[in-house]
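Report on the structure given below.
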Amino acid sequence: MALINILLFSLTFQLLLLLRVSSESSRIAGDVSGIPTKFLDLAKSPEVFDSMVRIRRKIHENPELGYEEFETSKLIRSELDLIGVKYRYPVAITGVIGYIGTGEPPFVALRADMDALNMQEALEWEHKSKVPGKMHACGHDGHVAMLLGAAKMLQEQRHDLQGTVVLIFQPAEEGLAGAKKMIEEGALKQVEAIFGIHLTNRLPFGKTGSRAGSMLAGTGFFEAVITGKGGHAAIPQLTIDPVVAASSVVLSLQHLVSRETDPLDSKVVTVSKVHGGNAYNVIPDSVTIGGTLRAFTGFSQLQQRIKEVITKQAAVNQCNASVNLTPNSKEPVPPTVNDKDLYKQFKNMVRDLLGEESFVEASPIMGGEDFSYFAEAIPGHFSFLGMQDETKSYASAHSPLYRVNEDALPYGAAIHATMAVQYLKNKALKGSDSANGSHDEL
Ligand SMILES: [Zn+2]
Ligand SMILES: [Zn+2]
């Protein structure tokens, strides 16, 4: 009898436990699937949409290069002042970090980059770049506008936030490692997770894509000066020809991927610059070559092999070579790796917010992003937001014809805001394991 009682008790207890667990998980699931589309509706409302378009166009007209984003930064701060969001400035010269919510953990960060590119805009339109030779051709003007749109909506909900949303406006994404500098200056202090969005013409309008794990490649650059001895082109025996040496170098570099790399492991070595000589009958003293490398694994070994191949192949041709792996201060950027758990949360959120078909499983690409520094330091998630329409008229990033589809801005703002709210909500449900104590910046 006693044994039956014990068995019955144990069964009842297990049943109760099961019920509790399932109600807990349905509470979490319910919360996730119950995320209303309020942020999307709000982001599309004239109040938020018009201000995003205005901000984006203003930044587009006055593009500023890495670490020179003074006016962009000023505009961001005046917009944050307008909606009453506290911020830290300067961080990494022009960077701004805003804080919305309780000022207490958990802290979740949303990131936008602010810099433009050294190129001439080719499109004629009302808000064309007013600075010759500089252009927002990577959509960073749109990224700032989307994050400010999200800030506006989140600030209105600040009393309901179960933690703090950290808005990171970073300088110098394009090759100058602004993210790294932001981290060195404390941008991620107490932050548990970070999300970043990049506009793209490669996905249809309103669709968003990401993947778990490796998403973008580690990226680096190289430049080499191959020096010989110039002279008359008709008397080559009295010269040491750096043109022939450079030709051997360019061909030998091709073997690093085709012969030394596992065909299933994606890598790129491209020589994209060759400069040397300026007469038909003169062998020059030197030739300069330059290019880029991309890899998900074995990045520094590939850098070393590039250096070796250039110097040794130059020596075979009796030339000297010096190799610079950070030309024009362009620092190598690590691969962007998405955290698996954040990827799951993001995917579920997008499906709830925009519908099942709106999430696209992205393939890894050999492009690079300095968001990788953030995602290397703490769990991070980087995604692409599509803006291509039926006309297929949206050019690729870094094209002089590039333009942002402004109708995509509300999607970006809504994704930012919803993800932050949901992350904090999930965290509160699971019980925060973050450090206690208030954030001393607030
Ligand atoms: Zn870019
Ligand atoms: Zn970019």
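For the sequence shown, the residue numbers in mature numbering (1 follows the signal peptide of the UniProt record, and there is no 0) are -23 to -1, 1 to 419. Glycine included, every Cβ here is placed at the ideal spot set by N, Cα and C. Predicted model, so just to flag it, every value in this text is computed and none were measured.
At a Cβ-Cβ threshold of 8 Å, F276 and T313 do not count as neighbours. With 16 or more other Cβ atoms from the protein chains shown falling within 10 Å of its own Cβ, N178 counts as buried.
Relative to the Cα of S235, the nearest Cα in the group V226, V246 and S225 belongs to V246. As DSSP reads the structure, H136 sits in no beta bridge.
Going by beta carbons, L386 and G119 fall inside the 8 Å limit.
Ligand 1 has a heavy atom closer than 7 Å to the beta-carbon of H375. Burial is judged here by how many other beta carbons sit within 10 angstroms of a residue's own beta carbon; K129 has at least 16 and is buried.
In this structure, I174 places its C-beta atom within 8 Å of the C-beta atom of L362.
Annotated as proximal: A222 and C296, with beta-carbon spacing under 8 Å. By the Cβ neighbour-count rule, E101 is exposed, with fewer than 16 other Cβ atoms within 10 Å of its own. CA-CA distance, Y388 to T14, rounds to 11 Å. The stretch 242 to 260 and the stretch 157 to 170 do not touch, with fewer than three beta-carbon pairs separated by less than 8 Å. Bounds of the alpha helix (DSSP H) holding Q322 are K317 to L331. Every beta strand (DSSP E) stretch that sits fully inside the stretch 191 to 266 and reaches 3 residues is listed by chain position as 195 to 204 and 244 to 252.
Around P377, the same chain offers M96, Q97, E98, A99, L100, M112 and A114 as residues with beta carbons nearer than 8 Å, after the five sequence neighbours per side are excluded. Cβ contact annotation for V30 (same chain, cutoff 6 Å, sequence separation greater than five): E383, in chain order.
DSSP places V286 in the helix class (H, G or I) of the three-state scheme. Closest in C-alpha terms to A69, from the list L406, I260, A156 and V143, comes A156. In the DSSP annotation of this structure, the continuous segment of the beta strand (DSSP E) that includes T185 starts and ends at T185 to S187.
Nearest C-alpha to D58 among M192, S243 and V73: V73. The distance from the Cβ of T395 to that of F146 is about 20 Å, inconsistent with a contact at the 8 Å cut-off.
A distance criterion of 7 Å places the beta-carbon of E46 beyond contact range of ligand 1, judged by its closest non-hydrogen atom. Contact check for V25 and A390: beta-carbon distance about 7 Å, within the 8 Å limit, so the pair qualifies. Taking 8 Å as the upper bound for CB-CB distance, G126 and V85 are not in contact here, some 17 Å apart.
Taking the Cα of A354 as reference, the smallest distance to any Cα among I171, A89, G207 and T288 is reached at I171. The residues F198 and T247, in chain order, have a CB closer than 6 Å to that of T269 in the same chain once the five nearest residues on each side in sequence are set aside. Between M159 and V121, the CB-CB gap reaches or exceeds 8 Å. The C-beta distance from M343 to R271 rounds to 4 Å, short enough to fall under 8 Å. For G155, the three-state secondary structure derived from DSSP is helix. Between ligand 2 and H117, a heavy atom-to-CB distance of less than 7 Å is present. In this structure, T265 places its C-beta atom within 8 Å of the C-beta atom of E200.
When secondary structure is reduced to three states using DSSP, Y44 falls in the coil class, being assigned neither helix nor strand. Taking the Cα of G43 as reference, the smallest distance to any Cα among K369, D347 and I392 is reached at D347. In the structure shown, P148 falls within a coil segment according to DSSP collapsed to helix, strand and coil. Per the coordinates, the alpha-carbon of G267 lies some 30 Å from the alpha-carbon of N315.
When A194, V220 and A211 are compared, the shortest CA-CA separation from G205 is found for V220.
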